[in-house]
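Chains as they are written, first to last, in the numbering used here: chain A, 1 to 261; chain B, 1 to 220.
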């Protein structure tokens, strides 16, 4: 569903060239949830942002559902982006518009007629459980609710792929869990393939079927989370998983249980 | 008081002239200046339609017009006014010069307000595959609404005061009345009356502008 073929990204910072992502390949099957973890500056966000060409790769190709994005013209790329939803750490909602208008914006931009837009807005807000907040402005919502509006917006055009750039990094653990539940539900019920970037290993472990570990612009380790035994070999992989082992039983899960009960 | 009453008709005419000059020039600012401001924002380095040449040229023209002292611009544009409206005298002729000054003035204010729109919000719209006209209308202008209205308020008030200078080329208006009667004929009463009228108009414009801007701002 998502294929990066030898993509790399270099950019100029002052006088010197910085290699944000070294030539990297990654393939995500339809219906999977692929995580990319690593510390800040590892290039994971840059890699994610190359999936819808918000960041143009210096070299290499990007394919979504068999279509090569890197070979499209501007109009075709806009069309293709409609089937790629995206959510961000800081939600990026229109602050002067209501929640409903935020969702409606992407439908209007896709050229949907007014009546269908209204119906779809209701449906999407329903999916994230915010139908009652339709007329409110983002400033009146909590962080978790804002992210749910952003999810509704990302789902509006029935995307095949959902890109998540640190979607829970600005949220507390309980809210994080509820957002993860929504993402799981979307993946399961709507068959949306998810590519998620996070530095929170708990989030990746909870959600992802596969995890790629990134370090200084390279994928250094690929883990299959459905495998009975997960044995990270890289130092970073082990560090992330060991620290997760230590706190997994205490923090997120316990709070999660409390939240559910 | 007598002199004011005697000039009642002239004062009312002066108010009308000021209003005409300000509304024509501010309309020009919105109709022409706003698109230029949007273009300045979009073509600036690192923005959506980054174009160094176009940005450089536009920016240079805007700076050029804005660096003229208004009185000099007014005189320099007399032939131009004559060409456009057929005369170099009167509020209509003055409106031409005022418009030429108002367009780059508001264009810069529009550019500045658009820069206040968070980059991430624009990026989210780009990521959703929205075409440029939707990004401009639905994201840029909508998110910058309060700033655009505040900028408009500043423009209106500045051009009420600029319109007074237009009196020197026979533009008319309240400022002109204050200068002709109050300053040149030492009729303090008329001058005070004119100033009071201007103060009231400016206060009113500012009050309405601030109110509108805060009503349009949903960020808090």
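All C-beta atoms in this analysis are idealised placements derived from N, C-alpha and C, irrespective of residue type, glycine included.
Sorted by chain position, which residues of the same chain lie with C-beta nearer than 7 Å to residue i's C-beta, five sequence neighbours on each side aside?
{"i": "residue 42 (chain B)", "result": "48, 49"}
{"i": "residue 208 (chain A)", "result": "33, 34, 35, 196, 225"}
{"i": "residue 206 (chain B)", "result": "153, 157"}
Here's the rule I'm using: 16 or more other beta-carbon atoms within 10 Å means buried, otherwise exposed. How should residue i be labelled?
{"i": "residue 241 (chain A)", "result": "buried"}
{"i": "residue 83 (chain B)", "result": "exposed"}
{"i": "residue 4 (chain A)", "result": "buried"}
{"i": "residue 46 (chain A)", "result": "buried"}
{"i": "residue 12 (chain B)", "result": "exposed"}
{"i": "residue 203 (chain B)", "result": "exposed"}
{"i": "residue 254 (chain A)", "result": "In this prediction, residue 254 (chain A) scores a pLDDT of 45, lower than 50, which makes its location untrustworthy; no coordinate-derived value is stated."}
{"i": "residue 63 (chain B)", "result": "exposed"}
{"i": "residue 184 (chain B)", "result": "exposed"}
{"i": "residue 126 (chain B)", "result": "buried"}
{"i": "residue 212 (chain A)", "result": "buried"}
{"i": "residue 6 (chain B)", "result": "exposed"}
Could you check whether residue j and residue i sit closer than 8 Å to each other, using their CB atoms as the reference points?
{"i": "residue 196 (chain A)", "j": "residue 33 (chain A)", "result": "yes"}
{"i": "residue 214 (chain A)", "j": "residue 38 (chain A)", "result": "yes"}
{"i": "residue 175 (chain B)", "j": "residue 91 (chain B)", "result": "no"}
{"i": "residue 32 (chain B)", "j": "residue 136 (chain B)", "result": "no"}
{"i": "residue 221 (chain B)", "j": "residue 156 (chain B)", "result": "The structure shown has nothing for residue 221 (chain B), since chain B only spans 1 to 220."}
{"i": "residue 98 (chain B)", "j": "residue 162 (chain B)", "result": "yes"}
{"i": "residue 143 (chain B)", "j": "residue 102 (chain A)", "result": "no"}
{"i": "residue 121 (chain A)", "j": "residue 154 (chain A)", "result": "no"}
{"i": "residue 117 (chain B)", "j": "residue 37 (chain B)", "result": "no"}
{"i": "residue 269 (chain A)", "j": "residue 228 (chain A)", "result": "This structure does not reach residue 269 (chain A), given that chain A is present from 1 up to 261, and the question cannot be answered."}
{"i": "residue 198 (chain A)", "j": "residue 166 (chain A)", "result": "yes"}
{"i": "residue 139 (chain A)", "j": "residue 220 (chain B)", "result": "yes"}
{"i": "residue 159 (chain B)", "j": "residue 22 (chain B)", "result": "yes"}
{"i": "residue 22 (chain A)", "j": "residue 237 (chain A)", "result": "no"}
Any beta-carbon of chain A closer than 8 Å to the one on residue i?
{"i": "residue 128 (chain B)", "result": "yes"}
{"i": "residue 16 (chain B)", "result": "no"}
{"i": "residue 210 (chain B)", "result": "no"}
{"i": "residue 220 (chain B)", "result": "yes"}
{"i": "residue 124 (chain B)", "result": "yes"}
{"i": "residue 142 (chain B)", "result": "yes"}
{"i": "residue 121 (chain B)", "result": "yes"}
{"i": "residue 131 (chain B)", "result": "yes"}
{"i": "residue 108 (chain B)", "result": "no"}
{"i": "residue 134 (chain B)", "result": "yes"}
{"i": "residue 138 (chain B)", "result": "yes"}
{"i": "residue 145 (chain B)", "result": "yes"}
Spatial neighbours of residue i within its chain, please: C-beta separation below 8 Å, excluding the five flanking residues on both sides.
{"i": "residue 157 (chain A)", "result": "82, 83, 85, 106, 107, 110"}
{"i": "residue 77 (chain A)", "result": "53, 69"}
{"i": "residue 45 (chain B)", "result": "52, 55"}
{"i": "residue 251 (chain A)", "result": "Caution applies to residue 251 (chain A), whose pLDDT of 47 falls short of 50 and renders its modelled position unreliable; the value that the coordinates give is listed next. Closer than 8 Å at the Cβ level, and outside the excluded window around residue 251 (chain A), lie 173, 202."}
{"i": "residue 136 (chain A)", "result": "98, 99"}
{"i": "residue 96 (chain B)", "result": "77, 80, 81, 84, 85"}
{"i": "residue 140 (chain B)", "result": "38, 41, 114, 117, 122"}
Say whether chain B places a C-beta atom closer than 8 Å to the C-beta of residue i.
{"i": "residue 94 (chain A)", "result": "yes"}
{"i": "residue 118 (chain A)", "result": "no"}
{"i": "residue 4 (chain A)", "result": "no"}
{"i": "residue 82 (chain A)", "result": "yes"}
{"i": "residue 11 (chain A)", "result": "no"}
{"i": "residue 213 (chain A)", "result": "no"}
{"i": "residue 190 (chain A)", "result": "no"}
{"i": "residue 61 (chain A)", "result": "no"}
{"i": "residue 106 (chain A)", "result": "yes"}
{"i": "residue 182 (chain A)", "result": "no"}
{"i": "residue 20 (chain A)", "result": "no"}
{"i": "residue 1 (chain A)", "result": "no"}
{"i": "residue 90 (chain A)", "result": "yes"}
{"i": "residue 54 (chain A)", "result": "yes"}
{"i": "residue 68 (chain A)", "result": "no"}
{"i": "residue 139 (chain A)", "result": "yes"}
{"i": "residue 123 (chain A)", "result": "no"}
Any heavy atom of the ligand MG within a distance shorter than 7 Å of the CB on residue i?
{"i": "residue 152 (chain A)", "result": "Here there are no bound small molecules, and the ligand MG is not part of this structure."}
Looking only at DSSP bridge pairs, what is residue i linked to?
{"i": "residue 110 (chain B)", "result": "Residue 110 (chain B) is not bridged to any residue."}
{"i": "residue 267 (chain A)", "result": "A question about residue 267 (chain A) goes unanswered here, because the residues of chain A that appear run from 1 up to 261."}
{"i": "residue 28 (chain A)", "result": "A:2"}
{"i": "residue 196 (chain A)", "result": "A:35, A:164"}
{"i": "residue 224 (chain B)", "result": "Any answer about residue 224 (chain B) is impossible in this case: the structure gives chain B only from 1 up to 220."}
{"i": "residue 85 (chain A)", "result": "A:162"}
{"i": "residue 67 (chain A)", "result": "A:64"}
{"i": "residue 222 (chain A)", "result": "A:212"}
{"i": "residue 21 (chain A)", "result": "A:9"}
{"i": "residue 18 (chain B)", "result": "DSSP output for residue 18 (chain B) lists no bridge partner at all."}
{"i": "residue 59 (chain A)", "result": "A:8"}
Using a Cβ-Cβ cut-off of 6 Å (strictly less than) and excluding sequence neighbours within five positions of residue i, which residues of its own chain qualify?
{"i": "residue 10 (chain A)", "result": "17, 19, 58"}
{"i": "residue 212 (chain B)", "result": "149"}
{"i": "residue 206 (chain A)", "result": "180"}
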